[in-house]
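No gaps in the numbering here: position 33 of the sequence shown is 33 in UniProt numbering, and each next residue is one more.
A quick write-up on the structure given underneath.
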Amino acid sequence: MNSLAPIVLFTYNRLDHTKQTIEALAHNNLAKESDLYVFSDGAGSKDAEEDVQKVRNYLKNITGFKKVELAFSKQNKGLARSIIDGVSKVFENNDRVIVLEDDLETSPHFLQYMNDALDYYKPDEIWSVAGYTPAIQIPETYTYNTYLVHRNCSWGWATWKQNWQKTDWNVKDFQSFFKNKSNHQKFNRGGNDLAIMLLKQQQNIIHSWSIRFNYAAFKHNLPTVYPCTSLVKNQGVDGSGTNMKSSKKYHTQVNQSPIDTVEFCPSDYFDTTIEDNFKGFYNTSLFRRVINYFKIKKYLMSL
1 MNSLAPIVLF TYNRLDHTKQ TIEALAHNNL AKESDLYVFS DGAGSKDAEE
51 DVQKVRNYLK NITGFKKVEL AFSKQNKGLA RSIIDGVSKV FENNDRVIVL
101 EDDLETSPHF LQYMNDALDY YKPDEIWSVA GYTPAIQIPE TYTYNTYLVH
151 RNCSWGWATW KQNWQKTDWN VKDFQSFFKN KSNHQKFNRG GNDLAIMLLK
201 QQQNIIHSWS IRFNYAAFKH NLPTVYPCTS LVKNQGVDGS GTNMKSSKKY
251 HTQVNQSPID TVEFCPSDYF DTTIEDNFKG FYNTSLFRRV INYFKIKKYL
301 MSL
């Protein structure tokens with residue numbers, strides 16, 4: 001194994017969630033050998049100041065890792081800017097990272113899997129590594145422990161420096177891309193919500209680092225590798241997060257079983273049944289598709 005990837009954690013004002021995330025992470029068998037970088041975003045309002053400070057007081061006493069470095073922002077950057085800035089900072093001295101947010105419960109085998117995947121795959125073959133996987137049907141005849149799809153994961157993930165640096169966070173070619181309707185279908189290989197999310201990002205309706213990272217993966221035609229059983233559970237689907245409403249759709253059981261040997265799928269192997277099931281999981285309803293159609297049409301007519 002190469003040197004272990006540093007862990008990068010982003011927190012805000014949810015003390016209980018942060019504690020659960022840290023405690024689960026510390027139970028990983030590679031935690032004591034891993035460096036942990038924690039980025040705490042500044043309060044976005046007076047009401048949030050006390051809760052942000054409670055989180056920071058807790059962070060100052062973290063143990064169980066090889067090294068812990070804390071970065072407390074004086075300003076409120078928001079999640080997207082915090083992640084872009086924080087990951088870029090850690091990449092100044094590292095060529096790979098594992099990234100978590102403050103509402104993610106990890107399996108005790110999460111770090112082992114992520115590091116093994118970063119060793120097994122190469123950045124010119126795979127865009128990123130996912131730790132979470134949605135509750136989709138995997139064919140009984142499928143022999144690997146991982147699968148490939150064209151959608152990145154923001155709930156416990158890893159990537160390499162060279163892929164992160166390929167990302168244009170301003171999406172300067174957005175208009176030329178979006179004018180061609182055939183591009184929408186290609187981009188939506190991982191779910192028909194992707195193109196409309198990118199449009200909303202460029203219209204400042206949402207603020208997402210992930211959809212821009214996903215667009216960069218699309219431009220370079222590189223997939224993300226997912227585990228067949230999830231190693232991450234998102235506790236933020238309780239509605240407490242800044243970008244996630246309460247939902248049972250994304251609930252999944254964390255794989256607690258020891259992983260002796262992971263059978264990684266080849267970097268060019270796509271199972272069409274898994275791809276279809278995965279896309280179906282993220283596809284929006286007919287009603288939402290109609291609304292999105294008119295939003296896209298309105299934008300295209302304005303060009």
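By construction, the Cβ of each residue, glycine as well, lies at the ideal position given by its N, Cα and C atoms.
{"Query": "As assigned by DSSP and simplified to three states, the class of Lys-89", "Result": "helix"}
{"Query": "Coil, strand or helix - Phe-270 by DSSP", "Result": "coil"}
{"Query": "Inside the stretch 58-146 only - alpha helix (DSSP H) runs reaching at least 4 residues", "Result": "79-90, 110-120"}
{"Query": "Backbone CA spacing between Asn-170 and Ser-210 [nearest angstrom]", "Result": "13 angstroms"}
{"Query": "Pair within 9 angstroms by beta-carbon distance, Gly-86 and Phe-178", "Result": "no"}
{"Query": "Exposure label - Ser-246; buried when at least 16 CB within 10 Å", "Result": "Here the model assigns Ser-246 a pLDDT of 47, short of 50, so the residue's position is not dependable, and the following value carries that caveat. By the neighbour-count rule (16 or more Cβ atoms within 10 Å), Ser-246 is not buried but exposed."}
{"Query": "Cutoff 8 angstroms; reference Met-301; Cβ partners in own chain excluding five residues on either side", "Result": "none"}
{"Query": "Sufficient close CB pairs (3 or more, under 8 angstroms) joining the stretch 141-148 to the stretch 281-289", "Result": "no"}
{"Query": "Contact the stretch 148-167 vs the stretch 83-101: 3+ CB pairs below 8 angstroms", "Result": "yes"}
{"Query": "Cut-off 8 angstroms between Cβ atoms - residues of its own chain near Tyr-299, not counting five sequence neighbours on either side", "Result": "Phe-178, Leu-199, Gln-203"}
{"Query": "Host alpha helix (DSSP H) of Ala-24 (start-end)", "Result": "15-26"}
{"Query": "As assigned by DSSP and simplified to three states, the class of Asn-163", "Result": "helix"}
{"Query": "Residue from Lys-295, Asp-16, Tyr-282 whose Cα sits closest to the Cα of Ile-205", "Result": "Lys-295"}
{"Query": "Test item: CB-CB of Ser-230 and Ala-135 under 9 angstroms", "Result": "yes"}
{"Query": "Candidates Glu-23, His-184, Ser-208, Leu-111: closest to Asn-152 by CA position", "Result": "Ser-208"}
{"Query": "Asp-35 (DSSP reduced to helix, strand or coil)", "Result": "strand"}
{"Query": "Opening and closing residue of the alpha helix (DSSP H) in which Leu-30 lies", "Result": "From DSSP, Leu-30 is part of no alpha helix (DSSP H); its letter is neither H nor E."}
{"Query": "DSSP bridge partner residues for Trp-157 (one or two, in chain order)", "Result": "Val-99, Ala-130"}
{"Query": "Under 9 angstroms between C-beta atoms of Trp-127 and Ala-216", "Result": "yes"}
{"Query": "Beta-carbon proximity list for Asn-163, same chain, < 6 angstroms, skipping 5 on both sides", "Result": "Pro-123, Trp-127"}
{"Query": "Reference Trp-160; option with closest CA among Ser-88, Lys-77, Thr-106", "Result": "Ser-88"}
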